[in-house]
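To keep things clear, I will list the structure first and then write my remarks on it.
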Amino acid sequence: MRVALFLTCFNDTMFPDTGRAVVTVLERLGHTVDFPLEQTCCGQMHYNTGYRPEAVPLVDRFARTFDGYDAVVTPSASCAGMIRDQHPVLARDHGSAALQRQVAEVVPRVHEFTEFLVDVLDVTDVGARFPHRVAYHPTCHSLRGLRLGDRPHRLLRAVKDIELVDLPTADACCGFGGTFAVKNAETSSAMLADKTRGVLDSGAEVLCAADNSCLMHIGGGLSRKDSTVRTMHLAEILAQDEGAGR
Amino acid sequence: MSTPGDRGVVWLGSPSFPDAAREALKDTQLRANLARATSTIRDKRLAVASELDDWEELRTSAAAIKRRTARHLDHYLVQLEESVTAAGGTVHWASDAAEANRIVTDLVRATGEREVVKIKSMATQEIGLNEHLADAGITAYETDLAELIVQLGDDRPSHILVPAIHKNRTEIRDLFAAEMGHWGEPAPDGLGDEPAELAEAARRHLRQKFLTAKVAVSGANFAVADSGTVVVVESEGNGRMCLTLPQTLITVMGIEKVVPTWSDLEVFLQLLPRSSTGERMNPYTSTWTGTTDGDGPSAFHLVLLDNGRTDTLADTVGRQALACIRCSACLNVCPVFERTGGHAYGSVYPGPIGAVLTPQLVGVENAASLPFASTLCGACYDACPVKIDIPEVLAHLRAEVVEAERADRRAPTPEALAMKAAATVLDSPALLGAAQKAASLGGRALARRGRIGRLPGPLRGWSDTRDTPVPPAESFRTWWRKNRSQNEGER
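Line order of the protein sequences matches chains A and B.
For the first sequence, position 77 (counting from the first letter as 1) is numbered 77 according to this note's numbering, and the numbering increases by one without interruption.
Every number in this note's numbering is 246 more than the matching position in the second sequence, counting from 1.
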């Protein structure tokens with residue numbers, strides 16, 4: 001199986017550890033991972049902010065870059081949702097017939113990281129050990145967009161020595177919403193305040209999720225409160241070796 | 247042809263959503279009231295919805311019925327007119343708020359009455375009927391408890407189902423004590439703030455109006471095209487009194503409220519109470535078909551209101567908002583509404599549904615901030631009993647706002663310039679790589695103790711409550727190129 005990593009522009013720039021973690025986990029499971037350097041961005045920011053024509057070249061680039069791979073794995077639920085739900089719409093409304101065909105070809109092979117592990121590879125125990133107290137935040141795109149369901153929990157439960165704790169009002173949005181956090185910064189802050197209170201009440205040492213954007217938002221709020229709770233992408237927990245831990 | 251200015255819906259002079267929300271967020275009492283009220287009703291809704299094995303099928307059916315009816319709206323509206331007329335009612339067509347207000351005012355004037363009693367109605371809120379009647383010397387008395395609270399306080403509704411949700415019971419007690427004396431029976435001395443006491447005070451206050459009013463004005467939850475039956479669903483029984491005691495009944499109904507048959511109605515009567523009040527069935531469901539000799543009003547007028555709805559119907563993505571049955575489930579699950587309350591939306595339709603309905607009814611340029619008043623979290627879509635994909639419509643309307651700005655302005659907005667620049671960088675791995683290096687250097691220059699604190703300009707609001715992580719020294723692509731891509735040529 002030819003597996004490509006679509007890391008996303010945001011993770012590529014801000015969270016390279018997440019990319020290395022995905023590669024580590026997939027290689028540990030016996031797969032070879034490629035990172036095609038022509039990849040950039042899925043266009044989500046432009047699409048969600050109303051700049052659709054600007055997103056179309058990115059849709060085109062994505063389809064060209066990942067043409068020919070058996071699977072495209074991305075550690076971002078919101079970017080996976082953007083590709084799955086919106087790339088066909090953008091191709092239909094703004095693209096050529098050729099682009100529509102390319103998009104239709106590539107989209108079914110795009111998998112969010114936990115989907116790929118659980119559904120495609122049929123694995124829940126990836127051989128990780130992480131002796132820490134961890135809470136999982138189901139981001140809106142994981143929960144209501146991709147409907148990841150209990151896939152992340154199943155993966156986490158299989159991690160050796162992990163202590164999973166419940167996050168109060170877990171299904172509530174953290175208030176990020178991309179440019180929402182800039183355009184409606186105060187409303188976003190009010191939502192964030194409730195989310196960080198939930199994280200602190202959970203007693204977790206580490207908060208994880210399937211999207212670094214929400215984690216950066218929550219982590220930014222925790223850091224401002226001088227909290228010691230760390231935020232980590234789920235993949236980085238799954239990449240921790242037996243006996244390693246941090 | 248009506249223009250958005252004739253349509254009402256929005257409160258003129260309202261600030262943009264971010265500005266209004268900023269003010270509303272300072273009211274910690276409001277936030278506490280809203281958080282308590284919405285979480286209670288959320289839990290009730292989930293409990294009663296989960297009782298039905300066929301809840302998802304009901305939602306799918308409801309969406310399909312609404313879609314089919316909208317596609318043949320011209321047919322069903324004419325059928326409704328024929329049925330209502332045959333049953334002794336009179337149908338009026340109003341293209342916008344101004345026309346609807348004129349029709350209702352003329353109808354009331356023709357009765358010679360100077361007072362009307364009103365049943366809670368979003369359509370009459372939308373067109374600003376009470377204010378229009380007042381200008382014509384006619385007083386409209388709201389009989390729904392929450393609408394009465396809003397009216398006595400000279401306030402605005404902040405929720406579709408619970409228009410006074412922004413007030414707690416102490417505030418309501420004080421309002422009743424101060425205002426009920428101006429007409430009707432005053433509040434009793436020593437009125438407490440127990441809900442039962444407050445409801446009793448409202449009962450007594452309104453009683454005389456019910457018994458003497460000759461004209462009632464209502465909205466409609468549904469109208470059945472093939473029988474000409476109009477339906478009002480309510481909790482308190484005030485509606486039942488208004489619908490049966492007066493001689494003349496005037497109903498103002500949005501044209502999207504028509505359903506083809508009683509079998510279609512059945513689907514909605516299961517979904518609506520569960521979604522709105524979290525009850526299996528609402529206490530009062532009133533249905534009437536034209537007029538009946540010796541029973542109820544002897545004159546019935548149905549005003550069919552367009553007011554931007556056919557414009558909305560023309561939009562293949564946005565038209566799904568017309569399926570709304572005004573249950574408020576989306577408001578109650580919305581994390582934004584829960585923090586800001588309804589007034590921040592500057593419209594009689596607040597919350598997620600308001601954010602998609604208002605801009606379509608009045609034009610995106612007249613409500614440009616509303617499509618952005620959401621994180622696109624999707625809770626509204628999951629809760630919607632008629633499966634309106636509100637996030638999809640929000641994103642669609644955002645694009646319309648941006649396109650309207652592009653067409654309207656000679657120079658692009660700073661945001662448009664930034665988006666264009668970002669699009670150029672993101673469509674080039676080389677430029678992205680350069681930008682990553684710049685971000686890394688810049689970020690580390692700004693960092694203090696391993697994090698970036700306050701930022702200037704448009705990022706100030708973000709940085710008020712959040713630190714930003716310091717970008718890594720090396721992007722993933724740089725690391726990959728150095729360590730993993732021996733076989734791929736350097737670019």
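Glycine is no exception: its CB is placed at the ideal position from the N, C-alpha and C atoms.
Problem set entry | Per-residue burial, B:Met487 [other beta carbons within 10 Å of its own, 16 or more giving buried] | Against the second sequence, residue 487 of chain B aligns to sequence position 241. B:Met487 comes out buried.
Exercise. Hey, is A:Leu37's beta-carbon within less than 8 Å of any beta-carbon in chain B?
Worked result: One-based indexing of the first sequence puts residue 37 of chain A at position 37. So yes, A:Leu37 belongs to the interface.
For this session: Report back the beta-carbon spacing between A:Leu99 and A:Asp161 to the nearest angstrom; my notes put them in contact at under 8 Å.
Result: Counting from 1 along the first sequence, the entry for residue 99 of chain A is found at position 99. Counting from 1 along the first sequence, the entry for residue 161 of chain A is found at position 161. With a Cβ gap of about 48 Å, A:Leu99 and A:Asp161 do not count as contacting.
Exercise. Among residues of its own chain, excluding the 5 on either side of A:Gly245, which ones have a beta-carbon nearer than 8 Å to its beta-carbon?
Worked result: Position 245 of the first sequence, counting from 1, holds the residue named residue 245 of chain A. Residue placement at A:Gly245 is poorly supported in this model, since its pLDDT is 44, which falls under 50; the coordinates still yield a value, given next. Only Arg129, Phe130, Pro131, His132, Asp161 meet the Cβ criterion.
Exercise. Cβ of B:Pro702 less than 8 Å from any chain A Cβ?
Worked result: Looking up residue 702 of chain B in the second sequence gives position 456. So no, B:Pro702 is outside the interface.
For this session: Evaluate the contact criterion for the stretch 576 to 592 of chain B versus the stretch 173 to 193 of chain A: three or more CB pairs, one atom per stretch, below 8 Å.
Result: yes
Exercise. Are there 16 or more other CB atoms within 10 angstroms of the CB of B:Val256, so buried, or fewer, so exposed?
Worked result: Within the second sequence, numbered from 1, the residue matching residue 256 of chain B stands at position 10. Under this definition B:Val256 is a buried residue.
Exercise. Does the count of Cβ pairs from the stretch 373 to 385 of chain B and the stretch 227 to 238 of chain A closer than 8 Å reach three?
Worked result: no
For this session: Along the alpha helix (DSSP H) that carries A:Met45, what are the first and last residues, could you check?
Result: Position 45 of the first sequence, counted from the start, is the residue given in the question as residue 45 of chain A. Per DSSP, A:Met45 belongs to the alpha helix (DSSP H) from 44 to 49.
For this session: Using DSSP bridges, identify the partner residues of B:Leu577.
Result: Position 331 of the second sequence, counted from the first residue, corresponds to residue 577 of chain B. In the DSSP output, where bridge partners are listed per residue, B:Leu577 has none listed.
Exercise. Closer than 7 Å, Cβ to any Cβ of chain B: which residues of the stretch 170 to 182 of chain A, in chain order?
Worked result: Ala172, Cys173, Gly175, Phe176, Gly177, Phe180, Ala181, Val182
Exercise. In the stretch 508 to 573 of chain B, which residue ranges form an unbroken beta strand (DSSP E) of at least 3 residues, counting only runs that do not cross its ends?
Worked result: 530 to 535, 545 to 551
Problem set entry | Within 9 Å of chain A by C-beta, residues of the stretch 616 to 631 of chain B in sequence order | Pro617, Phe618, Ala619, Ser620, Thr621, Leu622, Cys623, Gly624, Ala625, Tyr627, Asp628
Exercise. Run through DSSP, which three-state label would B:Met247 get?
Worked result: Along the second sequence, one-based indexing puts residue 247 of chain B at 1. For B:Met247, the predicted model reports a pLDDT of 49, less than 50, meaning its position is unreliable; a value from the coordinates is still stated below. It is coil, neither helix nor strand.
For this session: Give me whichever residues DSSP pairs with A:Asp34 in a beta bridge.
Result: The residue you call residue 34 of chain A lines up with position 34 of the first sequence. DSSP lists A:Ala4 as partners of A:Asp34.
Exercise. For B:Thr336, does the three-state DSSP call read helix, strand or coil?
Worked result: Stepping through the second sequence from its first residue, residue 336 of chain B is reached at position 90. Looking at B:Thr336 - three-state DSSP - the assignment turns out to be strand.
Problem set entry | Cβ shell of A:Gln39 (< 7 Å), same chain only, five flanking positions each side left out | For the purposes of this step, residue 39 of chain A is taken as residue 39 along the first sequence, with counting starting at 1. The answer, listed in chain order, is Phe6, Thr65.
For this session: Leaving aside the five residues before and after B:Ala569 along the sequence, list all residues of the same chain whose C-beta is less than 6 Å from its C-beta, in chain order.
Result: In the second sequence, counting from the first residue as 1, residue 569 of chain B sits at position 323. Same-chain partners within the cutoff: Lys312, Val632, Ile634.
Exercise. Could you give the C-beta distance for B:Arg253 and B:Leu607, rounded to a whole number, given that I count them as a contact under 8 Å?
Worked result: One-based indexing of the second sequence puts residue 253 of chain B at position 7. One-based indexing of the second sequence puts residue 607 of chain B at position 361. Indeed they touch by this definition, with Cβ atoms about 6 Å apart.
For this session: With DSSP collapsed to three states, give me the class of A:Phe130.
Result: On the first sequence, position 130 is the one that residue 130 of chain A refers to. Coil.
Exercise. Excluding sequence positions up to five away, which residues of its chain have a Cβ less than 8 Å from the Cβ of A:Leu148?
Worked result: Indexing the first sequence from 1 puts residue 148 of chain A at position 148. So the list reads Ala77, Glu112, Thr114, Glu115, Pro138, Ser142, Ala210, once near-sequence residues are dropped.
Problem set entry | Start-to-end residues for the alpha helix (DSSP H) that takes in A:Val59 | As a working mapping, residue 59 of chain A is identified with position 59 in the first sequence. Looking at the DSSP string, the run of the alpha helix (DSSP H) that includes A:Val59 is 52 to 65.
For this session: Give the single residue among A:Gln86, A:Asn48, A:Thr8 whose Cα lies nearest to the Cα of A:Val72.
Result: Taking the first sequence and counting its residues from 1, the one referred to as residue 72 of chain A is at position 72. When only C-alpha atoms are compared, the closest one is A:Thr8.
Problem set entry | chain A residues whose Cβ lies nearer than 7 Å to that of B:Val582 | Here the question's residue 582 of chain B lines up with position 336 in the second sequence. Thr187, listed in chain order.
Exercise. Expressed to the nearest angstrom, what Euclidean distance is found between the alpha-carbon atoms of B:Arg565 and B:Pro637?
Worked result: As a working mapping, residue 565 of chain B is identified with position 319 in the second sequence. As a working mapping, residue 637 of chain B is identified with position 391 in the second sequence. One C-alpha to the other measures close to 13 Å.
For this session: Using a Cβ cut-off of 8 Å, pull out every chain B residue sitting near A:Cys9, in sequence order please.
Result: Position 9 of the first sequence holds residue 9 of chain A. Result: Leu672, Leu678.
Problem set entry | Contacting residues, own chain, Cβ-Cβ under 7 Å from B:Thr331 (five flanking each side not counted) | Taking the second sequence and counting its residues from 1, the one referred to as residue 331 of chain B is at position 85. Once the five neighbours on either side are set aside, the close Cβ partners of B:Thr331 are Val337.
For this session: Spatial neighbours of B:Met247 within its chain, please: CB distance less than 6 Å, with the 5 preceding and 5 following residues excluded, ordered by chain position.
Result: Here residue 247 of chain B corresponds to residue number 1 of the second sequence, with the count starting at 1. Model confidence at B:Met247 stands at a pLDDT of 49, short of 50, so the residue's coordinates are unreliable; what they give is reported in the following sentence. Around B:Met247: no qualifying Cβ.
Exercise. Which residues does DSSP pair with B:Phe468 in a beta bridge?
Worked result: Stepping through the second sequence from its first residue, residue 468 of chain B is reached at position 222. In the DSSP output, where bridge partners are listed per residue, B:Phe468 has B:Val477.
Exercise. Relative to chain B, which residues along the stretch 211 to 223 of chain A have a C-beta separation below 8 Å, given in chain order?
Worked result: Met216, His217, Gly219, Gly220, Gly221, Ser223
Problem set entry | First through last residue of the beta strand (DSSP E) which encompasses A:Val73 | Numbered from its first residue, the first sequence carries residue 73 of chain A at position 73. Looking at the DSSP string, the run of the beta strand (DSSP E) that includes A:Val73 is 71 to 74.
Problem set entry | Per-residue burial, B:Gly694 [other beta carbons within 10 Å of its own, 16 or more giving buried] | Against the second sequence, residue 694 of chain B aligns to sequence position 448. Just to set this straight, residue 694 of chain B is Arg in the shown sequence, not Gly. When all chains shown are included, B:Arg694 counts as exposed.
Exercise. If you drop the 5 nearest sequence neighbours on each side, which residues of the same chain put their C-beta closer than 6 Å to that of A:Gly221?
Worked result: The sequence position of residue 221 of chain A within the first sequence is 221, counting from 1. Leu192, Thr196, listed in sequence order.
Exercise. What are the residues of the stretch 683 to 711 of chain B that lie near chain A, defined by any Cβ-Cβ distance shorter than 7 Å?
Worked result: Ala685, Arg697, Pro704, Leu705, Gly707, Trp708, Asp710, Thr711
Problem set entry | Residue-chain proximity (B:Glu720, chain A), Cβ-Cβ < 8 Å | Position 474 of the second sequence, counting from 1, holds the residue named residue 720 of chain B. Closer than 8 Å: yes.
For this session: Check whether the Cβ of A:Thr49 lies closer than 8 Å to any Cβ atom in chain B.
Result: Stepping through the first sequence from its first residue, residue 49 of chain A is reached at position 49. So yes, A:Thr49 belongs to the interface.
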